[in-house]
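Below is one structure, written out as structure tokens; the observations come after it.
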Amino acid sequence: MPFLSGNELEKVCKKAKREGYGFIASNIAEPNVLIGVLEASKNKKSDLILQLSTGAAKFAGGEDLITGLRVVTKYIQILAKKYDIGVFLNLDHWKKKDMDFIKMAIEEKLASSIMIDASKESFDENVRITHEVVKMAEGKGILIEGELGKIKGVEEKGTASAEAFYTNPDEAVEFVEKTGLDLLAVSIGTQHGVSKGKNIKLRTDLAQKINNALIDAGKEVPLVLHGSSGLTEKQVKEIIKYGICKVNKDTRYQYEYARTSLDYYFEHKDSILPPKGEPDNRDGFFSDSKWSPVKADFDPRVVSKLIRKQVEKTAEKLIDQVGSAGKSLYL
Ligand SMILES: [Zn+2]
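The opening position of the sequence shown corresponds to residue 16 in the numbering used here, with each subsequent residue numbered one higher.
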């Protein structure tokens, strides 16, 4: 089926929270990771949350953000029809400066949900900006994710914080009440980018407190964890118990992408680089040389297929960690 609306995503998240499992939200920027996670989700009978950052949208659109978003959305819509599972697209870390694009995305229904990240602003300003986007999306079938607290590390330009600021449970209740958001990203000690799970002081107690405070106030929403690529399997399984419903993964796939390419090209470098003593006649595409490069190895589709397979294997393991296998609402 094509990717679905926020109304469907709400059902999917509610069921997950009720039954105590979560979803991996997979960042994509190009087809290889996209197809890898689609295949993994199909194999595991799990619904799939995809994510697109502003940087990834720009990348896909030849540096034009809205073009990229339209192209990727269309690509997912058509591709997802081949799969029986529910496929959703979240816009990840869109900011105040992207407000015009957020408006377009809502009007053109280019996403299932949108994360408005105003976590760097003061509490009041964060409330104001997040609420503005919630209002914009009202009745349009698009969910809104907000973030409270700051997550340490580097994700993409402008999505970095030198220090982690943990989310305060009372503030979380006030934030959800005042903004009317649908999903809440919390800061409980994870880091964006590369991090080592064993060095992370993961505050599961805090996730539990935030979740309980929201439930007590009658404001329960699915919680989101960013910066979780470095978490150990045990840590992931633990946080799911405490109301975290969406676990974001980006960096992990990026590494698998680079590693798979490196391994392949390293192993087949004689197909791509001329041997020692042979002129490196790249400009003439080796037409005057005895040596020729081997198309069967440098055709990008060859390494791309290996990347897709590796992403698929990685995503299957991650799906098992959060427990969404066999739980698709649409089978
Ligand atoms: Zn993030």
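Cβ atoms here follow ideal geometry from the backbone N, Cα and C, with glycine treated the same way.
Taking a cut-off of 8 Å for Cβ pairs, the segment 325-334 and the segment 261-275 touch, as three or more such pairs fall below it.
Ligand 1 approaches residue 242 closely enough that one of its heavy atoms is under 7 Å from the residue's Cβ. In the three-state DSSP reduction, residue 51 falls in the helix class (H, G or I).
C-alpha of residue 310 to C-alpha of residue 286: approximately 8 Å in a straight line. In this structure, residue 283 has its beta carbon at no less than 7 Å from each heavy atom of ligand 1. Taking non-hydrogen atoms of ligand 1 into account, the C-beta of residue 108 is found less than 7 Å away from one of them. Excluding residues up to 5 positions away in sequence, 39, 41, 244 lie with their Cβ nearer than 6 Å to the Cβ of residue 264 in the same chain.
Taking the Cα positions, residue 332 is about 10 Å away from residue 338.
Between residue 119 and residue 81, the CB-CB gap stays under 8 Å. Going by beta carbons, residue 142 and residue 197 fall outside the 8 Å limit.
The Cβ atoms of residue 199 and residue 240 lie no closer than 8 Å to each other.
For the set 162, 114, 18, the Cα lying nearest the Cα of residue 101 is the one of 18. Boundaries of the alpha helix (DSSP H) harbouring residue 187: 184-194, taken from the DSSP string.
If one requires a minimum length of 4 residues, the alpha helix (DSSP H) runs lying completely within the segment 43-102 are 46-59, 69-75, 80-95, in chain order.
Under the DSSP definition of a beta bridge, residue 201 partners with 163, 240.
Proximity to residue 129 across 69, 186, 165 peaks at 69, based on C-alpha coordinates. Excluding its 5 nearest sequence neighbours in each direction, residue 74 has C-beta neighbours in its own chain below 7 Å: 44, 83, listed in chain order. Using a Cβ-Cβ distance cut-off of 8 Å, the segment 253-269 and the segment 214-224 are in contact, since at least three pairs of beta carbons, one from each stretch, lie closer than that value. When the Cα atoms are used, residue 57 and residue 131 turn out to be separated by approximately 29 Å. Relative to ligand 1, residue 183 has its C-beta separated by 7 Å or more from all heavy atoms.
Taking each of 214, 153, 144, 290 in turn and checking the Cα distance to residue 190, the smallest one comes out for 144. Rounded to whole angstroms, the separation of the alpha carbons of residue 283 and residue 318 is 11 Å. Counting only residues of its own chain and dropping the five nearest sequence neighbours on each side, residue 252 has a CB closer than 7 Å to the CB of 336. Remark: the C-beta of residue 263 is in contact range of ligand 1, defined as less than 7 Å to any heavy atom. The distance from the Cβ of residue 16 to that of residue 96 is about 7 Å, consistent with a contact at the 8 Å cut-off. Cα atoms of residue 194 and residue 149: separation of roughly 7 Å, rounded to the nearest angstrom. Beyond the five residues adjoining it in sequence on each side, residue 192 comes within less than 8 Å, by CB distance, of 232, 234 in the same chain, given in chain order. The DSSP assignment places complete beta strand (DSSP E) segments of no fewer than 3 residues inside the segment 211-293 at 238-240, 259-264, in order along the chain. In the three-state reduction of the DSSP assignment, residue 334 falls in the helix class, which pools H, G and I.
In the structure shown, the three-state DSSP call for residue 132 is coil. When the Cα atoms are used, residue 72 and residue 79 turn out to be separated by approximately 8 Å. Where residue 21 is concerned, the enclosing alpha helix (DSSP H) starts and stops at 21-34.
The C-beta distance from residue 88 to residue 125 rounds to 5 Å, short enough to meet the 8 Å contact threshold. A residue is called buried when at least 16 other Cβ atoms come within 10 angstroms of its Cβ; residue 59 meets this threshold and is buried.
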